[in-house]
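Here the structure comes first, spelled out in structure tokens, and everything after it is commentary.
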Amino acid sequence: AHGFAGAYEYLNKKAHGTDIRVSRFFIYFNSRVKEFKTENVTDTGCHLIYVIEALKEYGTCLESFWPYDTGRLNYKPTEESYEQASSHKIADALQVNINLTEMKSCLAHGFPFVINISVFASFGNGGNSGVVPMPTQTDLAQGEAGRHALLVCGYSEESQAFIVRNSWGADWGEKGYCYIPYGYITSPTFCHEAYAIRKVENDDFGQDNWCWQDSQNYLANMPVPNPDHHAIERFQIDEEEASCNANEFTEETSEEIVEG
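Each position in the sequence shown, counted from 1, maps to that position plus 1 in the working numbering.
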């Protein structure tokens, strides 16, 4: 829900020039209703396709109508929330193939996309360094810790990595963002789904402004993996360079992430 909410907010701003905050919990509740065919839901997660279906049918209300309060996690939003959400639906979405060329093309056309990936113990490195490494042999032997949805909003050819927005707050990674190697996200073993919102209501969107400077290899700072130790040394990233090859989503939401 976090990833699609961020994508919706970005495309809305591209279309209307206004900043809005949409309700993550409204989206999450209705996505689970679509998948499990009941309003008696629990915090089990859901597949991305059902988030798309929920956004097409119900839309999303603004955050002020159904705030991010953990006490509301499994409760049905108010009728007022549904009425307000009817003005905030998506009209079109696309499934992105797990393929480097297609993923980069999607970003180049101005569409951030949401992925559902397997995460392992070493994923925690991204919280400290901003760099998520490829799963190690130890990771594979231990098995995945779970699955997690993230928003891919740019890429760096120099780093051979995607620029990804997480949903764990501004203190995680680089102000809420991280770098994940191409090989991780383009592996069908690790990446299971990818979807992009293409059209919000009657407004279609395309490529706008891009920064093509790409001279810093962020992954070069990652030490040689030790199969028994997942620590990655901390390194500094210049904010201007960190936005390279990212679309406007990276720059426009950097302050919003601080709010949660």
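Even for Gly, the Cβ is constructed at its ideal location relative to N, Cα and C.
| Item | Value |
| --- | --- |
| Grab the span of the alpha helix (DSSP H) containing Gln85 for me, first residue to last. | Glu80 to Ala86 |
| So, does the segment 41-50 touch the segment 132-141, judging by three or more C-beta pairs under 8 Å? | no |
| Enumerate in chain order the residues of its own chain whose CB-to-CB distance from Lys57 is below 7 Å, with the five nearest sequence positions on each side excluded. | Lys90 and Ile91 |
| Relative to the alpha-carbon of Lys14, which residue among Val97, His48, Phe112 and His149 has its alpha-carbon at the smallest distance? | Phe112 |
| If I measure Cβ to Cβ from Ser32 and keep anything under 7 Å in the same chain, skipping five residues before and after, which residues do I get? | Ala2, Cys47, Tyr51, Val52 and Ala55 |
| In or out: Tyr29 buried (at least 16 other Cβ within 10 Å) or exposed? | buried |
| Measure the CB-CB distance between Leu49 and Asn117 and report whether it falls below 7 Å. | yes |
| Note down, in chain order, each residue of its chain lying with its Cβ closer than 7 Å to the Cβ of His149, except the 5 sequence neighbours on either side. | Ile118 and Val120 |
| May I ask which residues mark the beginning and end of the beta strand (DSSP E) holding Ser157? | Gly147 to Ser157 |
| Since Val97 and Tyr196 should fall inside the 8 Å C-beta cutoff, what is the C-beta to C-beta distance between them, to a whole number of angstroms? | 6 Å |
| What number of angstroms, rounded off, separates the C-alpha of Ala94 from the C-alpha of Trp67? | 24 Å |
| Taking the C-alpha atoms as reference points, what is the distance between Glu10 and Phe163? | 20 Å |
| Please list, in chain order, all residues of the same chain as Glu64 whose beta carbon is under 7 Å from its beta carbon, the five residues on each side excluded. | Arg22, Val23 and Ser24 |
| Can you say whether Gly72 is buried or exposed, counting buried as having 16 or more other CB atoms within 10 angstroms of its CB? | exposed |
| Taking all protein chains shown into account, decide if Thr61 is buried (16 or more other Cβ within 10 angstroms of its Cβ) or exposed. | buried |
| Express the C-alpha separation of Gly7 and Phe26 in angstroms, rounding to a whole number. | 13 Å |
| To the nearest angstrom, how far is the alpha carbon of His110 from that of Ala16? | 15 Å |
| State the beta-bridge partners of Tyr178 as determined by DSSP. | Arg166 and Glu175 |
| Given this structure, state the Cα-to-Cα distance separating Arg284 from Glu80, to the nearest angstrom. | Nothing in the structure corresponds to residue 284, since the chain is present only between 2 and 261. |
| So, with DSSP's three-state summary, where would you put Gln96? | strand |
| For the putative contact between Pro134 and Phe191, defined by C-beta atoms under 8 Å, what is the C-beta separation to the nearest angstrom? | With a Cβ gap of about 12 Å, Pro134 and Phe191 do not count as contacting. |
| Cα separation between Gly174 and Gln85? | 34 Å |
| Taking the beta carbon of Leu74 as the centre, do at least 16 other beta carbons fall within 10 Å, making it buried, or is it exposed? | exposed |
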